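Enquirer: One structure, as structure tokens, below. Some questions next.
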Amino acid sequence: MRAQLLEQMQAGELPAGTRLPTVRHLAADLGVAPGTVARAYKELEAIGAIETRGRNGTVVAWSTDAGERRVQELAAQLVQVSRENDVPADRVRALVDGALARSTTTG
Numbered sequence: 014m015r016a017q018l019l020e021q022m023q024a025g026e027l028p029a030g031t032r033l034p035t036v037r038h039l040a041a042d043l044g045v046a047p048g049t050v051a052r053a054y055k056e057l058e059a060i061g062a063i064e065t066r067g068r069n070g071t072v073v074a075w076s077t078d079a080g081e082r083r084v085q086e087l088a089a090q091l092v093q094v095s096r097e098n099d100v101p102a103d104r105v106r107a108l109v110d111g112a113l114a115r116s117t118t119t120g
């Protein structure tokens, strides 16, 4: 199961940021014990391929590109800081869009 999920990540079928099913849901879909899925998720998390965000679920963290991985890390930090400071998601998007627009005009 772990190898299959990694293959899907490498092939781009499960791109970074994709939310994975819950342990119980995937176990039920595959007809395996929840412990089997939990162990696979734990192993994937240990190598940095996925990230468990508590009540927000488990997402693919693996990317083939080191630069993209860094941007993912920074995006996760941005989300955390924006939530801590009650900045709405649409405002965060506008700020990021503005920063991107400025970076293309300034080189």
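FYI, the numbering used here numbers position 1 of the sequence shown as 14, with every residue one higher than the one before it. Beta carbons are placed, not taken as given, at the ideal position from N, Cα and C, and that holds for glycine. Quantities reported herein were computed from a predicted structural model and do not represent experimental measurements.
(1) Measure from the alpha carbon of Ala74 to the alpha carbon of each residue in Ala29, Gly25 and Met22, then state which is nearest.
(2) Name the two residues that bound the continuous alpha helix (DSSP H) containing Thr49.
(3) With a Cβ-Cβ cutoff of 7 Å, do Gly70 and Arg32 count as a contact?
(4) Helix or strand or just coil, what does DSSP make of Glu97?
(5) Distance, Cα to Cα, Gln90 vs Asp99?
(6) Starting from Glu26, trace the alpha helix (DSSP H) both ways and give me its first and last residue.
(7) Between Pro101, Gln21, Ile63 and Ala16, which lies nearest to Gln85 when the distance is taken from Cα to Cα?
(8) Taking all protein chains shown into account, do 16 or more other C-beta atoms lie within 10 angstroms of the C-beta of Leu18, making it buried, or fewer, making it exposed?
(9) Since Ala123 and Arg15 should fall inside the 8 Å C-beta cutoff, what is the C-beta to C-beta distance between them, to a whole number of angstroms?
(10) Which residues does DSSP pair with Arg32 in a beta bridge?
Expert: In terms of the structure at hand:
(1) Reading the sequence shown from its first residue, position 61 is the one you call residue 74. Ranking Ala29, Gly25 and Met22 by Cα distance to Ala74 puts Ala29 first.
(2) Reading the sequence shown from its first residue, position 36 is the one you call residue 49. Pro47 to Ala59 is the span of the alpha helix (DSSP H), which, as asked, contains Thr49.
(3) Within the sequence shown, numbered from 1, the residue matching residue 70 stands at position 57. Within the sequence shown, numbered from 1, the residue matching residue 32 stands at position 19. A contact, by the Cβ cut-off of 7 Å.
(4) Along the sequence shown, read from residue 1 onward, the residue named residue 97 stands at position 84. In the structure shown, Glu97 sits in a helix (DSSP, three-state: H, G or I).
(5) Position 77 of the sequence shown, counting from 1, holds the residue named residue 90. Position 86 of the sequence shown, counting from 1, holds the residue named residue 99. Each residue's Cα considered, the two are about 14 Å apart.
(6) Along the sequence shown, one-based indexing puts residue 26 at 13. Where Glu26 is concerned, there is no enclosing alpha helix (DSSP H), given that its DSSP letter is neither H nor E.
(7) Residue mapping note: residue 85 aligns to position 72 of the sequence shown, counting from 1. Of Pro101, Gln21, Ile63 and Ala16, the residue nearest in Cα terms is Ile63.
(8) As a position in the sequence shown, residue 18 is number 5, starting the count at 1. Per the 10 Å Cβ criterion, buried.
(9) No statement about residue 123 is possible, as the shown extent of the chain runs from 14 to 120 and does not include it.
(10) Residue numbering aside, residue 32 sits at position 19 when the sequence shown is read from its first letter. Beta-bridge pairing links Arg32 to Val72.
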